[in-house]
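Taking the UniProt record's numbering, the leading residue of the sequence shown gets 1, the next gets one more, and so forth.
Glycine included, every Cβ here is placed at the ideal spot set by N, Cα and C.
In what follows, a single structure is set out as structure tokens and then discussed.
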Amino acid sequence: MGFEDEAAVDLRDRSGTTWGQCGIRPNVYVTGQRGRVNILSVVTAKGDLHYYVTEKSINSEEYIQFLEKLIDERDRAIFLIIDQASFHCSKQVRKFIWRHRDEIRLYYLPTYSPELNPDEHVWEEIKDKQLGRKPIKNKSDLKQRTNTALKSLKDHAERVISFFHLPETQYAAQ
């Protein structure tokens, strides 16, 4: 069983904290360029992280590609808990799920309840704690650093497991 979510990382996003010399305001330099990458990911209470990074907009076709990738990586059925984003509920996705009903099942979180999804904490980790603290030069640098940050998180299962032990998500660790 896994929890799925999606997010975008933008060249213009700057979050997180930094250190500076006392009394001197630190500056964070940005390029002024535009660009973003979109990410789909799944986390499990066992610490697994599966992800898909694309420059394309997330829509039904991209979501189905991600689901196909998940199915190919697994040797048994996948149960995904997801939010109610419009592409999750599209006819294309429903048809795909029906054709692959022995391999994958989708279950929906209540609307407007991102706090119930442990996968939301992936974005905090990636955007605030990793990407937000370093200058990013261009779109290819953004994509490379996003993949590096996700791989680093994937390699630290204990960090992913911790997303399931927060007060609002501990129900999912059972």
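Limits of the beta strand (DSSP E) - the one that residue i falls within
i: D102; result: Per DSSP, D102 belongs to no beta strand (DSSP E) and is neither H nor E.
Separation of residue j from residue i, as counted between CA atoms
i: K56; j: I136; result: 19 Å
i: E103; j: I64; result: 13 Å
i: H50; j: G23; result: 43 Å
i: F87; j: W19; result: 41 Å
i: K154; j: D48; result: 7 Å
i: residue 197; j: G2; result: An answer regarding residue 197 cannot be provided, because it is not within the stretch 1 to 174 covered by the chain.
i: K134; j: D141; result: 11 Å
i: L70; j: N27; result: 41 Å
i: L151; j: I82; result: Note that residue 151 corresponds to Lys in the displayed sequence, not to Leu. Approximately 22 Å between the Cα atoms of the pair.
i: E120; j: R25; result: 31 Å
i: N147; j: V53; result: 7 Å
i: S162; j: N38; result: 24 Å
i: Q92; j: S60; result: 6 Å
i: R34; j: E158; result: 34 Å
Which residues DSSP lists as bridging residue i, in chain order
i: L40; result: E6 and Y52
i: I82; result: Y108
Reduced DSSP secondary structure (H/G/I, E/B, other) of residue i
i: Y63; result: helix
i: Y112; result: coil
i: E168; result: coil
i: K137; result: coil
i: C22; result: coil
Where residue i falls, given that 16 or more other Cβ within 10 Å makes a residue buried
i: K127; result: buried
Where the alpha helix (DSSP H) through residue i begins and ends
i: W123; result: E120 to W123
i: S162; result: A157 to S162
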